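Scroll down for the structure; my scribbles are underneath it.
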Amino acid sequence: MNFFGIEVAMIGYQGTVFPVLLAVWFMSMVEKRLRRVIPDALDLILTPFLTVIISGFIALLLIGPAGRALGDGISFILSTLISHAG
């Protein structure tokens, strides 16, 4: 899939935990930083909107694939240990 000129792989995240955990952690960091710079009068509307927009794009492009790779790597290591160690 082409996303603003960037090629993004169409992969599923069924049963994955790490992409969600990493995305929520990143989202909390974005929200904390936005609360510092957005005035209080606009905070109620702009902070959640910008947090979801910024975090969503980063999660789809970077965090999701990295989290899935991390989960696949841990799964491979554990499967190898179980099959060879008994």
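With UniProt numbering applied, the sequence shown corresponds to residues 1 to 86, in that order.
Glycine residues also receive a C-beta, built at the ideal position from the N, C-alpha and C atoms.
Note that this is a predicted model, so its numbers are computed, not measured.
Excluding five sequence neighbours on each side, which residues of the same chain lie with their C-beta closer than 6 Å to the C-beta of F46?
-> To locate residue 46, count along the sequence shown from 1; it is residue 46. Contrary to the premise, residue 46 reads as Leu rather than Phe in this sequence. Closer than 6 Å at the Cβ level, and outside the excluded window around L46, lie I38.
In chain order, what residues of the same chain have a beta carbon less than 7 Å from the beta carbon of L50, not counting five sequence neighbours either side?
-> Stepping through the sequence shown from its first residue, residue 50 is reached at position 50. Answer for L50: L34, listed in chain order.
Just reading off the alpha helix (DSSP H) that M27 is part of, what are its end residues?
-> Sequence index remark: in the sequence shown, residue 27 carries index 27 (1-based). F18 to V37 is the extent of the alpha helix (DSSP H) around M27.
Buried or exposed: P19, going by 16 or more other Cβ atoms within 10 Å of its Cβ?
-> Numbered from 1 along the sequence shown, position 19 holds the residue referred to as residue 19. With 16 or more other Cβ atoms within 10 Å, it is buried.
Neighbour-count burial assignment, I63, 16 or more Cβ in a 10 Å radius = Along the sequence shown, read from residue 1 onward, the residue named residue 63 stands at position 63. So I63 counts as buried.
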